[in-house]
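S.K.: Below you will find the structure I want to go over with you.
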Amino acid sequence: MELPTRSVLMTPEVLDEIVTLYVGSKRKKYIVHKRILCDQSEFFDAGFNGGFKEATEGKMYLPEDDPIAVADLIEYLYRGSLPRCREDGGSEKVRNLYYLAEKIGLLSLMDKLMDLLAVPRIQQTGHLVGYGSNAIKEIYDHTHEGSKLRLFVTAVNVFRLRDRGNEKDWMSDRAKLLHSNPEFFHDVFKLVGKHGKKVWVEKSEGKAFVTAFEQCYFHVHGPDKECYANLETGKEILE
């Protein structure tokens, strides 16, 4: 269903019908063209074109979602633009949009956001930017088992462990997750068992991380699906 988004061609068919989203506990209101949502997300397509009251009323309530993330989603669907990580590596807006994209099944958006979280973080700061226990807990609380975002944050911490495992404060911070998110440690041991040899190499943690995983390792598209990056490169060549 979904297509790589750059900007939407505003045809009469696209402009024909609008729907309303009420987001968050304060019901922030967003008015969006129905086709913009439904053509790229099975979640919205099922809601607005299925046998639910959303289809007849043209309204959907999303009380548990972040209004800013929904605003960023709308910006992406209309213009193809994405939020960015901060210069210090902070990634809250990118993560929040990833949670939403995972919920509504917008796979190409998930992969684009993952690429914003990965290599650019190293390029911007000169080292592998880690995640503390609060950020890890947030990620695990907002994603499902097998999430590529969980895999990514686990991999980051495993590579950071190499150089910071002897630091008491660093280890104590991660130990907070033993009770709240024990599945994180399961994922850590699983990744060490699979990629441990790639961690303890004579490279900086950032360079070791980049070379350890193939380009699409943290993407959600399957091996039989083309990566969005290849599709967009092909479109640029044709244009």
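Sequential numbering of the sequence shown, starting at 1, is according to the UniProt record's numbering.
All residues carry an ideal CB built from backbone N, CA and C; glycine is no exception.
Using the C-alpha atoms, what's the distance from Val153 back to Gly193?
M.R.: Straight-line Cα distance between these residues: approximately 16 Å.
S.K.: To the nearest angstrom, how far is it from the Cα of Pro223 to the Cα of His195?
M.R.: Distance between the alpha carbons of Pro223 and His195: 20 Å.
S.K.: Taking the C-alpha atoms as reference points, what is the distance between Gln40 and Gly165?
M.R.: When rounded, the distance between both Cα atoms is 43 Å.
S.K.: For a minimum of 4 consecutive residues, which ranges assigned as the alpha helix (DSSP H) are wholly contained in the region 144-170?
M.R.: The region 144-170 contains these whole alpha helix (DSSP H) runs: 148-164.
S.K.: What does the alpha-carbon distance come out to for the pair Val94 and Asp65?
M.R.: Going by the C-alpha atoms only, they are around 14 Å apart.
S.K.: Just verifying my parser: in three-state terms, what is the DSSP assignment at Arg6?
M.R.: Bear in mind that the predicted position of Arg6 carries a pLDDT of just 49, short of 50, making it unreliable; the figure below should be weighed with that in mind. Coil.
S.K.: Classify Ala155: buried if its beta carbon has 16 or more other beta carbons within 10 angstroms, exposed otherwise.
M.R.: Counting Cβ neighbours within 10 Å, Ala155 comes out buried, since at least 16 surround it.
S.K.: Skipping 5 residues on each side, what residues in its chain have a beta carbon closer than 6 Å to that of Glu75?
M.R.: Result list for Glu75: Ser81, in chain order.
S.K.: Going by beta carbon distance, what residues of the same chain come within less than 7 Å of Lys29, once the five residues before and after it are set aside?
M.R.: Taken in chain order, the residues that qualify are Thr20, Tyr22.
S.K.: Rounded to a whole number of angstroms, what is the C-alpha to C-alpha distance between Glu102 and Glu92?
M.R.: If I take the Cα positions, the gap works out to 15 Å.
S.K.: Expressed to the nearest angstrom, what Euclidean distance is found between the alpha-carbon atoms of Ala135 and Glu226?
M.R.: Distance between the alpha carbons of Ala135 and Glu226: 31 Å.
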